[in-house]
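In the working numbering, the protein residues as written are 37 to 223.
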Amino acid sequence: VSTNLALTVTSPWSVNGVNCAVTFQKAVVSFQNSVGTPIWAINGMGNIIKANPGYAIAQNFADVRNTSVTYVNVAGRAVNYTKTNPTSVLEVTYFDTFGFFMNGTQTTACQWRLLVDGVQQGREQWHHSSATTGWRIWAGDQNWILTNIPAGFHTFQIQVLRAGGSNECLNGWANALQENFLKVEEL
């Protein structure tokens, strides 16, 4: 028997009268709900664990300033998540303090984007400056709905670039009193 194959035994146990499946794979037993999503597992050490909490979150980021005119990773704004269902949708939410220093040019100031395993997903989030100078700062969120991510382990990373309408892009707040997070949730 190949260790890459899974053996499914139907209906050996039930929860609230619903028959569920058990899958044996690579020395791990996975208890699944009626649609095949793992809910509990026995790992290779014999421990019972929650198979997948359904989300991953990173939070409490530091203040990061950026002046690069090419996309760069925003320090700390990354999270890993293992998607369990190949047909499920992922919702990614990035909440932070955003800002930029306007340089008097009325055009795009800063652009943010989401990478999954190093590849851009969804659309960039752009913010525009006015023909004045000074800081524009706000707390807000950016969201992506991803329908094309396969099951398995993935790294989610936020990047930013400074465009012509700003001298500097801001992520986070220096006193760390502002809540911020990057969350991936499997729907």
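Glycine included, every Cβ here is placed at the ideal spot set by N, Cα and C.
Nearest residue (CA-CA) to residue i, options the options
i: Y130; options: M138, Q193, E204; result: Q193
i: G154; options: N116, Q147, G201; result: N116
i: Q157; options: N216, R198, K219, I181; result: I181
i: R198; options: G188, Q95, V108; result: V108
i: A145; options: T120, V196, L223, Q214; result: V196
i: H164; options: N96, H190, G135; result: G135
i: N102; options: F137, T141, N96, D132; result: F137
Residue range of the unbroken beta strand (DSSP E) whose run includes residue i
i: N116; result: 108-119
i: G135; result: 126-139
i: L223; result: Careful: L223 lies outside any beta strand (DSSP E) and carries neither H nor E.
Close Cβ partners of residue i (< 7 Å) along its chain, the five nearest in sequence each way excluded
i: V220; result: Y91, A92, V115, Y117, L126, V128, F192
i: Q178; result: Y130, W148, Q161
i: T183; result: V125
Residues near residue i by beta carbon distance below 8 Å, same chain, minus five either side
i: A98; result: A111, G112, G208, A212
i: I185; result: K119, L126, V152, Q157
Problem - Those runs of the alpha helix (DSSP H) which lie wholly inside the stretch 148-214 and span at least 4 residues - result: none
Practice task
Decide yes or no for the touch test of the stretch 193-211 against the stretch 163-181: beta carbon pairs closer than 8 Å, at least 3 of them.
Solution key: Touching, per the Cβ criterion.
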